[in-house]
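Going by this note's numbering, the first residue of the sequence shown is number 1, and it counts up by one from there. All C-beta atoms, glycine included, are put in the ideal place defined by N, C-alpha and C. Quantities reported herein were computed from a predicted structural model and do not represent experimental measurements. Just below is one structure, and these are the notes that go with it.
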Amino acid sequence: MTRKEIPFFNYPFLYEEDKEKYKEIFDDIGSRGAFVLQKDLFQFEEDLAKFINVKHAIGMADGTNSLMVALMAAGIGQGDEVIVPSHTFIASVGAIHFSGATPVLVEAGADHLIDPKSTEAAITSKTKAIMPVQLNGRTANMDPIVKLAKKHNLQIIEDSAQALGSSYKGKYAGTFGLAGSFSFYPAKSLGCFGDGGALVTNDDDFATKVRLMRDHGRNGTDVDIWGTNSRLDNMQAAFLIHKLKKFPQAIKKRRELASMYNEGLSGIEDLTLPPAPGSDENHFDTFQNYELESGRRDELEEHLTKNGIKTIRQWGGKAIHQFKKLNFDVKLPYTEQLMDRMLMIPMNTSLQDDDIAYIVDTIRGFYK
Ligand SMILES: *Cc1c(COP(=O)(O)O)cnc(C)c1O
1 MTRKEIPFFN
11 YPFLYEEDKE
21 KYKEIFDDIG
31 SRGAFVLQKD
41 LFQFEEDLAK
51 FINVKHAIGM
61 ADGTNSLMVA
71 LMAAGIGQGD
81 EVIVPSHTFI
91 ASVGAIHFSG
101 ATPVLVEAGA
111 DHLIDPKSTE
121 AAITSKTKAI
131 MPVQLNGRTA
141 NMDPIVKLAK
151 KHNLQIIEDS
161 AQALGSSYKG
171 KYAGTFGLAG
181 SFSFYPAKSL
191 GCFGDGGALV
201 TNDDDFATKV
211 RLMRDHGRNG
221 TDVDIWGTNS
231 RLDNMQAAFL
241 IHKLKKFPQA
251 IKKRRELASM
261 YNEGLSGIED
271 LTLPPAPGSD
281 ENHFDTFQNY
291 ELESGRRDEL
301 EEHLTKNGIK
311 TIRQWGGKAI
321 HQFKKLNFDV
331 KLPYTEQLMD
341 RMLMIPMNTS
351 LQDDDIAYIV
361 DTIRGFYK
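Below is the structure:
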């Protein structure tokens, strides 16, 4: 087997794959001087809303800002608690912190997503919202979460930064509660050429409020409410219009790559693989990442690195409560166990069939 060098993510590919088109878009926007709050942004918002069957999509500066604005627009702040899985990117929890509310960390389940039992146990009289985090292109089993939210009168604000186009029982990630937040960071499955994000909602009043808040609370020449600057650049929106058109193909490709991994790696006892595409009719997964579990994770990681394959421990291999300086005093044993087992192998649309074959062979070689 000839050695290959496979980066975890191929950033130049994002541009190279359709370079002439992006130059054209850049030239068009530049020539029109259409940089902020222009028709391309509104067009993208309409396209995005249609794509995930939601009433409103609002372009935001990035996925972190959009979560922060969502919480504030929902009236969540000091004295309130928001439940969030500890297995997430620091941005989810940082957004809660900066809203003034207290993040309450809970367990992830075998699907690496928010655990309903742990969520229920964390509900207090101060709880105002649940923030499920839809990771790796998979939407959590939302039935029990929606049920809990209804029973205890809580808002659901989804961090669906990693799950655009993913669905559970035919309903798209980001559309289960008051709001869903997306990120267009370059390495996200719909990545732009810098930072970008969006907030989606089916609530008209909430949408109006968020639209005001992302632009300083300004309403014409008046200021209606306190806001900030959290606008998605019109240039990024214009690139995203084009990228969204090709997004169904990108999802198809990711699912094909995942199927190849699942087939190629089947039967290795030490590995726990993500559910194969199509294996569960309730879930449509978009494979933002391919995250497996191994009891020999560190050795496997080293073996792959030695053979030119770059892998990642998501977020440096630490759940939020494991960042000592943040002073969370909780024990989440299942999450801790997951953090010692999980490893992400390359998953992006630049990968070719022979790359996957090489990665599969290298992993099989490790277990021989
Ligand atoms: C990427 C990401 C974010 C933050 O998005 P940015 O656009 O980088 O601010 C939030 N939550 C999760 C789970 C993410 O993966």
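Rounded to the nearest whole angstrom, the C-alpha separation of I123 and I83 is 8 Å. Note that the C-beta distance between G59 and A198 is below 8 Å. By the neighbour-count criterion, in which a residue is buried when 16 or more other Cβ atoms sit within 10 angstroms of its Cβ, P333 is exposed. Setting aside the 5 residues that flank it on each side, E301 is surrounded in the same chain by T311 and L343, each with a C-beta closer than 7 Å to its C-beta; the list follows chain order. Put simply, of A357, F366, T349 and W315 the residue whose alpha carbon is nearest the alpha carbon of E17 is T349. A direct Cα-to-Cα measurement between A250 and E293 gives close to 25 Å. The Cβ neighbour count for I345, taken over all protein chains shown within 10 Å, is at least 16; the residue is labelled buried.
Excluding sequence positions up to five before and after A73, its CB lies within less than 7 Å of the CB of F206, K209, V210 and M213, all in the same chain and listed in chain order. Considering only A276, K253 and L338, the residue with the shortest C-alpha distance to I320 is L338. When DSSP states are grouped into helix, strand and coil, E263 belongs to the helix group. Annotated as proximal: D203 and L178, with beta-carbon spacing under 8 Å. Between I114 and V106, the gap from beta carbon to beta carbon is short of 8 Å. For L244, the enclosing alpha helix (DSSP H) covers residues N234 to K245. Between S99 and M131, the C-beta spacing is not below 8 Å.
Taken from the Cβ of G197, at least one heavy atom of ligand 1 lies inside 7 Å. Taking the Cβ of S167 as the reference point, every heavy atom of ligand 1 lies at 7 Å or farther away.
Placement of the Cβ of T64 at a distance of less than 7 Å from at least one heavy atom of ligand 1 is found. Between the stretch 212-231 and the stretch 4-12 there are fewer than three C-beta pairs closer than 8 Å, too few to call the two in contact. Proximity to D270 across A258, R296 and N262 peaks at R296, based on C-alpha coordinates.
Looking only at Y367, M235, H303 and D298, the smallest Cα-Cα distance to S31 is reached by M235. With fewer than 16 other beta carbons inside 10 angstroms of its own, R364 counts as exposed.
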